[in-house]
């Protein structure tokens, strides 16, 4: 397959910079796959699994928040967090999941607490799910 | 020698030396933390540049574009996010930024969101209402916190709880110079330079540009906040390093001065003793 230049940048630094053949990410509207020679495109990212195929190798990652842009054939992914499946701390995700569940079951939680807990639950579920792909 | 006993001087030299050891150690710690903080700044920089240019591109591509994030209203109530340090002994780092914000605040009604123990204490002492004091440890605030702050603030802004949100932080110019500054987060300002908007007009947006815009703005703010935090942290370490460096130098000067005095006093005592022996024989 024809490769295209892909850059993955998070606030913690450059995660990936090189040629890739395929990128699958979850946008706010669902999964999209980007191949070479894609038209100029911008989308906001949701929370979900991302797949990068480079040199015929397929790598899975948890990709949360941020934005995807394709400008003149160059693909840039700027997620809030991006963790390769083998780097995910499954125990931490499990703990975070339990903590979120506790807040959600507590009848005295305020609205903001519930909103934050829901987001945390969602992130933890994504991470746990992705961690099982390694 | 008039009055000062050698023992007294010796004690002072000893205490000065232990002070010097402490300041020297603090300087070294600050220098190593500074290196880490600088690496963090350069790691996160590409992220903002890409995000910033994406937002400006959306704004450039459609001139008639409207969003509540862009609306400029007369400012009645301001929110300041103030980033200061947790500890003192960092030269003018804390007082410079706090003074700057305090002077700006007098113009309008203001609420603060202090980050860092020094900021929390400062505004509490002056009875300025704080949105939350949960971020009292600037060293513990991570990127997740920045994003939850920005999400909370974005929705508060859309609910018109504030008319303007500013962040006060210390820009890291170089190891030797750091400037306190305030920057407007919301409403967003449009860049007035009109670059090459030709290819941009054929950009496809998932759903439409306005909903993409609405969902990336909070992320963008979180990113800026994180960047400001990184800069402030680096500035704090740089300021501390410089302050401790000059403290060490001062200690050196004083030790040299005292050693001279000590030697003179010792010499005087010897001379006196000899005189007494000679006079007695």
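Chains as they are written, first to last, in our numbering: chain C, 6 to 139; chain B, 16 to 296.
Idealized CB from N, CA, C, for every residue including glycine.
CB contact flag (residue i, residue j, <8 Å)
i	j	result
residue 108 of chain B	residue 254 of chain B	yes
residue 45 of chain C	residue 75 of chain C	yes
residue 126 of chain C	residue 102 of chain C	yes
residue 247 of chain B	residue 98 of chain B	yes
residue 83 of chain C	residue 220 of chain B	no
residue 23 of chain C	residue 59 of chain C	yes
residue 249 of chain B	residue 187 of chain B	yes
residue 114 of chain B	residue 267 of chain B	no
residue 38 of chain B	residue 277 of chain B	no
residue 10 of chain C	residue 80 of chain C	yes
residue 273 of chain B	residue 70 of chain B	no
residue 162 of chain B	residue 85 of chain C	yes
residue 256 of chain B	residue 119 of chain B	no
residue 185 of chain B	residue 239 of chain B	no
Best match in the options for proximity to residue i [C-alpha to C-alpha]
i	options	result
residue 30 of chain C	C/50, C/136, C/24	C/50
residue 193 of chain B	B/237, B/125, B/159, B/105	B/105
residue 241 of chain B	B/268, B/158, B/227, B/176	B/158
residue 138 of chain C	C/54, C/23, C/113	C/54
residue 237 of chain B	B/165, B/43, B/245, B/60	B/165
residue 91 of chain C	C/43, C/56, C/11, C/38	C/56
residue 66 of chain C	C/10, C/89, C/81	C/89
residue 125 of chain B	B/151, B/136, B/87, B/95	B/95
residue 228 of chain B	B/82, B/22, B/54	B/82
residue 69 of chain C	C/77, C/35, C/25	C/35
residue 263 of chain B	B/218, B/40, B/60, B/21	B/40
residue 222 of chain B	C/27, C/25, C/33	C/33
residue 251 of chain B	B/100, B/168, B/138, B/232	B/100
residue 93 of chain B	B/103, B/116, B/75, B/287	B/116
residue 86 of chain B	B/230, B/270, B/172	B/172
residue 102 of chain B	B/138, B/152, B/56, B/91	B/152
residue 54 of chain B	B/284, B/259, B/245, B/73	B/245
residue 121 of chain B	B/91, B/230, B/146	B/91
Three-state class that DSSP yields for residue i in the structure shown
i	result
residue 214 of chain B	Residue confidence is low: residue 214 of chain B scores 49 on pLDDT, short of 50, so the model does not pin down where it sits. Its coordinate-derived value is still stated next. DSSP places residue 214 of chain B in helix when its eight states are reduced to three.
residue 79 of chain C	strand
residue 194 of chain B	strand
residue 177 of chain B	coil
residue 26 of chain C	coil
residue 237 of chain B	helix
residue 142 of chain B	coil
residue 84 of chain C	strand
residue 168 of chain B	helix
residue 112 of chain C	coil
residue 17 of chain B	Since pLDDT at residue 17 of chain B reaches only 48, below the 50 mark, its modelled position is unreliable, and the value read off the structure follows with that caveat. It is coil, neither helix nor strand.
residue 18 of chain C	strand
residue 91 of chain B	coil
residue 66 of chain C	strand
residue 61 of chain C	coil
residue 156 of chain B	coil
residue 252 of chain B	helix
residue 100 of chain B	coil
residue 147 of chain B	coil
residue 41 of chain B	helix
residue 188 of chain B	coil
residue 74 of chain C	strand
residue 60 of chain B	helix
residue 203 of chain B	coil
residue 130 of chain B	strand
Burial state of residue i (16 or more Cβ within 10 Å)
i	result
residue 154 of chain B	exposed
residue 175 of chain B	exposed
residue 63 of chain C	exposed
residue 214 of chain B	Unreliable positioning characterises residue 214 of chain B in this predicted model, as indicated by a pLDDT of 49, which lies under 50. A coordinate reading is not provided.
residue 6 of chain C	exposed
residue 178 of chain B	buried
residue 170 of chain B	exposed
residue 17 of chain B	With a pLDDT of 48 at residue 17 of chain B, under the threshold of 50, the predicted position of this residue should be treated as unreliable, though the coordinate-derived value follows. Classification of residue 17 of chain B: exposed, given that the 10 Å Cβ count is below 16.
residue 64 of chain B	exposed
residue 122 of chain C	buried
residue 71 of chain C	buried
residue 290 of chain B	exposed
residue 89 of chain B	exposed
residue 224 of chain B	buried
residue 59 of chain B	buried
residue 30 of chain B	exposed
Distance cut-off 7 Å: residue i Cβ against heavy atoms of the ligand SAM
i	result
residue 67 of chain B	Among the components modelled here there is no ligand, and therefore nothing to report on the ligand SAM.
Is there contact between the region 84-97 of chain C and the region 139-153 of chain B, where contact requires at least three CB pairs shorter than 8 Å? no
With a threshold of 8 Å, are at least 3 pairs of Cβ atoms found where one atom belongs to the region 120-137 of chain B and the other to the region 194-201 of chain B? no
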